[in-house]
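Structure record follows, encoded as structure tokens.
Numbering (the working numbering), first residue to last: 1237 to 1650.
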């Protein structure tokens, strides 16, 4: 059963492990040792930050559900977010100016409110985007136990926001150290660039591969160290020329790539991709397991992916690949409430869909490779792909028939 303490702990731990460090530059500049007369205002703003974060995140999770995770995976949303982070990285590194924006949210009273709201939405996006695995597990568990959506999402949002609030409070009282302050702009830029690479990672092939994570992590660490030796963080701001800014921007990008390579080791070994997904769902006893079955009806289902690919290529059909497991209660619900329904069958026949099921009940090395190829973060997951293997869309989890059919129609809209 999904308890409130489990929900809170799931969110709290996932934030600490994957989603905290990208938000640090924003929190640091917003709350780091403001002038003594503004410290009270900073503490109030930190509390307001937590309240707004929890309210908005609760609303998004309650209204968006599992489709919200798919929205984060849309290519144009991913590219836009990565681009914005790159721009903010150059801004924080003092290599680019943005009109009406100041990195210290309390420097100007007339900008502090809307800048704080902007900080809230940036923190929400980064937290939800980088904790998609925990979110998928949360929604699956919530659906299986029929818990209160509003209460559970509120507790989950509080678990995501509390670490950020604690860090903000620490930054308010942290004394400023001049030498560290000189390195801060570049360090912030590097963190944001590395985050942009992590967000855009789903759009490209697996890099670095798991077998190469350690050497690439060492290479990335070396790239970061080299940058600080070459970029001259202590150089006075008045001596910065356009050529210096261009050169520094290039080194900043390389160093951000280095941090991405270094942190990939921790992110991938701490994610669901590194372990069998059986650990993230409630398992039935082995004696209760039933052999894999294919839905019966007017729509023919295939149990072999290689065979299905050959037929789809020959008949120019769209592959509908359902990743499931016999210990996944939501997978059973999806079969009963979607796959056997006339609305889904008529849609599949109309859109020339060829459905195939991939049984992930007992993970193998081959299945793990396939799951990693399609970036499977939880079960059930449906992958829509063209006959040539080109990915069309990914549906994570099952909320209800109405939401899933709406998403399918949007994904295959002519």
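Ideal Cβ positions, reconstructed from N, Cα and C, are used throughout, including at glycine.
Residue j beta carbon less than 8 Å from that of residue i
i: residue 1289; j: residue 1356; result: yes
i: residue 1570; j: residue 1616; result: yes
i: residue 1554; j: residue 1620; result: yes
i: residue 1556; j: residue 1596; result: no
i: residue 1496; j: residue 1401; result: no
i: residue 1429; j: residue 1317; result: no
i: residue 1485; j: residue 1331; result: yes
i: residue 1251; j: residue 1431; result: no
i: residue 1594; j: residue 1648; result: no
i: residue 1574; j: residue 1630; result: no
i: residue 1488; j: residue 1422; result: yes
i: residue 1261; j: residue 1424; result: yes
i: residue 1240; j: residue 1391; result: yes
i: residue 1406; j: residue 1258; result: no
i: residue 1399; j: residue 1285; result: no
i: residue 1267; j: residue 1359; result: no
i: residue 1651; j: residue 1581; result: Residue 1651 is absent from the structure shown; the chain starts at 1237 and stops at 1650.
i: residue 1583; j: residue 1632; result: no
i: residue 1634; j: residue 1566; result: yes
i: residue 1352; j: residue 1281; result: yes
i: residue 1552; j: residue 1623; result: yes
Neighbour-count burial assignment, residue i, 16 or more Cβ in a 10 Å radius
i: residue 1563; result: buried
i: residue 1350; result: exposed
i: residue 1324; result: buried
i: residue 1450; result: exposed
i: residue 1478; result: exposed
i: residue 1642; result: exposed
i: residue 1550; result: exposed
i: residue 1613; result: buried
i: residue 1498; result: buried
i: residue 1458; result: exposed
i: residue 1265; result: buried
i: residue 1585; result: exposed
i: residue 1283; result: exposed
i: residue 1333; result: exposed
i: residue 1326; result: buried
i: residue 1310; result: exposed
i: residue 1312; result: exposed
i: residue 1561; result: buried
i: residue 1345; result: In this prediction, residue 1345 scores a pLDDT of 47, lower than 50, which makes its location untrustworthy; no coordinate-derived value is stated.
i: residue 1482; result: exposed
i: residue 1287; result: exposed
i: residue 1454; result: exposed
i: residue 1576; result: exposed
i: residue 1456; result: buried
i: residue 1256; result: buried
Those residues which DSSP pairs with residue i across a bridge
i: residue 1593; result: 1558
i: residue 1627; result: 1621
i: residue 1538; result: 1592
i: residue 1632; result: 1617
Nearest candidate by alpha-carbon position, reference residue i, set the options
i: residue 1397; options: 1461, 1299, 1263, 1456; result: 1263
i: residue 1389; options: 1461, 1426, 1300, 1329; result: 1300
i: residue 1493; options: 1482, 1460, 1483; result: 1460
i: residue 1314; options: 1626, 1364, 1274, 1248; result: 1364
i: residue 1437; options: 1536, 1405, 1404, 1610; result: 1610
i: residue 1625; options: 1545, 1587, 1565; result: 1545
i: residue 1296; options: 1576, 1456, 1386; result: 1386
i: residue 1646; options: 1278, 1307, 1258, 1287; result: 1307
i: residue 1243; options: 1632, 1268, 1535, 1395; result: 1395
i: residue 1278; options: 1538, 1410, 1374; result: 1410
i: residue 1246; options: 1291, 1393, 1329; result: 1393
i: residue 1276; options: 1298, 1607, 1319, 1408; result: 1408
i: residue 1354; options: 1292, 1304, 1298, 1374; result: 1292
i: residue 1568; options: 1538, 1374, 1636, 1274; result: 1636
Closer than 7 Å: residue i CB and nearest the ligand NAD heavy atom
i: residue 1293; result: In the structure on display, the ligand NAD does not appear, and there are no ligands present to speak of.
### Task
Please specify which runs of the alpha helix (DSSP H), each continuous and at least 4 residues long, are wholly inside the segment 1266-1327, giving them in chain order.
1275-1308
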